[in-house]
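Student:
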Amino acid sequence: DAEITQSPRHKITETGRQVTLACHQTWNHNNMFWYRQDLGHGLRLIHYSYGVQDTNKGEVSDGYSVSRSNTEDLPLTLESAASSQTSVYFCASSEGTSYGYTFGSGTRLTVV
Amino acid sequence: DQQVKQNSPSLSVQEGRISILNCDYTNSMFDYFLWYKKYPAEGPTFLISISSIKDKNEDGRFTVFLNKSAKHLSLHIVPSQPGDSAVYFCAATSGSGNTGKLIFGQGTTLQVKP
């Protein structure tokens, strides 16, 4: 069965370190997205991609980057982790939104 | 600026009764709206959607109503069941759903008491 997986599920890192969160989907979807979930803010869009070599900034992109070298993967990199980036991160994929996104199970990141 | 707002952080209802979750939006370009349900330690899952050409869409116990003039939508769950207890997110997009980029609200935590 097709799926979307995120790794790791939990991560603790120190301030200033570079961190990469993985997202892998086998749906063959062109569209992939990264969101962060924070209390009182809901889900906020970080970066998104409509296909290989395409990346776009979302509403809270500062301090994050992504790259899309193939259809299956959209890794999210925190260049220099900050405590404000402590959050739960969700990756999603879709082919248009008529049927909604398929979300991964999330990565809980703690920056200490 | 929050383009999609869910002003009620939480809602508690009795099993069997109706649950009504509300959502407001500010961007008049939005033309497709979705509701997602999220359990703890899981990713959100798609529940129901509605296009701006409609004012109602129904799927089993779930009905979404859209009032374009008020820029307001609501999700009705009838009858509510304890398994419906979860966080519900409203989301919106433009381009008739083809752009793929969703803007989410803050979420409403629904508790259905047995």
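First to last, the protein sequences are chains R and V. All residue numbers for the first sequence refer to the numbering used here, where the first residue is 7 and numbers rise by one. All residue numbers for the second sequence refer to the numbering used here, where the first residue is 601 and numbers rise by one. Here a beta-carbon is modelled for each residue, glycine too, at the ideal position from N, C-alpha and C. All values derive from a computational prediction rather than experimental measurement.
Candidates V:Leu666, V:Thr645 and V:Leu702: which alpha carbon is nearest Ile620 of chain V's?
Tutor: Position 20 of the second sequence holds residue 620 of chain V. Minimum Cα distance to Ile620 of chain V is reached at V:Leu666.
Student: Please decide whether Ser111 of chain R counts as near chain V, where near means a Cβ-Cβ distance under 8 Å.
Tutor: Sequence index remark: in the first sequence, residue 111 of chain R carries index 105 (1-based). Yes, Ser111 of chain R lies at the interface with chain V (some Cβ there is under 8 Å from its Cβ).
Student: Note the first and the last residue of the continuous beta strand (DSSP E) segment covering Met38 of chain R.
Tutor: Position 32 of the first sequence, counted from the first residue, corresponds to residue 38 of chain R. Asn37 to Asp44 is the extent of the beta strand (DSSP E) around Met38 of chain R.
Student: Would you decide whether Gln606 of chain V is buried or exposed? Buried here means 16 or more other CB atoms lie within 10 Å of its CB.
Tutor: If you number the second sequence from 1, residue 606 of chain V lands on position 6. Buried, by the Cβ-count rule.
Student: If you draw a straight line from the alpha carbon of Phe646 of chain V to that of Leu51 of chain R, how long is it in whole angstroms?
Tutor: Here residue 646 of chain V refers to the residue found at position 46 when the second sequence is read from its first residue. Here residue 51 of chain R refers to the residue found at position 45 when the first sequence is read from its first residue. Cα-Cα distance, rounded: 17 Å.
Student: Which term fits Thr21 of chain R, buried or exposed, when burial requires 16 or more other beta carbons within 10 angstroms of its beta carbon?
Tutor: For this step, residue 21 of chain R is matched to residue 15 along the first sequence. Label assigned to Thr21 of chain R: exposed.
Student: Short of 9 Å Cβ to Cβ, which residues in the segment 49 to 78 of chain R face chain V?
Tutor: Correct list: Leu49, Arg50, Leu51, Tyr54, Tyr56, Asn62, Gly64 and Glu65.
Student: Hey, out of R:Arg23, R:Gly64, R:Asn36 and R:Leu49, whose CA is closest to Tyr95 of chain R's CA?
Tutor: As a working mapping, residue 95 of chain R is identified with position 89 in the first sequence. Of the listed residues, the one whose Cα sits closest to Tyr95 of chain R is R:Leu49.
Student: The segment 650 to 669 of chain V: which residues have C-beta closer than 8 Å to a C-beta of chain R, in chain order?
Tutor: Result list empty, no residue passes.
Student: Does Phe704 of chain V get closer than 8 Å to chain R when you measure Cβ to Cβ?
Tutor: Walking along the second sequence from the start, residue 704 of chain V turns up at place 104. So yes, Phe704 of chain V belongs to the interface.
Student: Let me see if you follow: with CB-CB separation under 8 Å, is Phe646 of chain V close to chain R or not?
Tutor: Position 46 of the second sequence, counting from 1, holds the residue named residue 646 of chain V. Chain R, which has a Cβ nearer than 8 Å to the Cβ of Phe646 of chain V, makes this yes.
Student: Is it buried or exposed, Ala670 of chain V, if we count other Cβ atoms within 10 angstroms and call 16 or more buried?
Tutor: Looking up residue 670 of chain V in the second sequence gives position 70. Ala670 of chain V should be labelled exposed.
Student: Taking the alpha-carbon positions, what's the Tyr54 of chain R to Leu675 of chain V distance?
Tutor: Numbered from its first residue, the first sequence carries residue 54 of chain R at position 48. Numbered from its first residue, the second sequence carries residue 675 of chain V at position 75. Answer to the nearest angstrom: the Cα atoms are 27 Å apart.
Student: Residues of chain R with a CB under 7 Å from the CB of Gly643 of chain V: which are they?
Tutor: Within the second sequence, numbered from 1, the residue matching residue 643 of chain V stands at position 43. Per Cβ cutoff of 7 Å: Phe96, Phe109, Gly110, Ser111 and Gly112.
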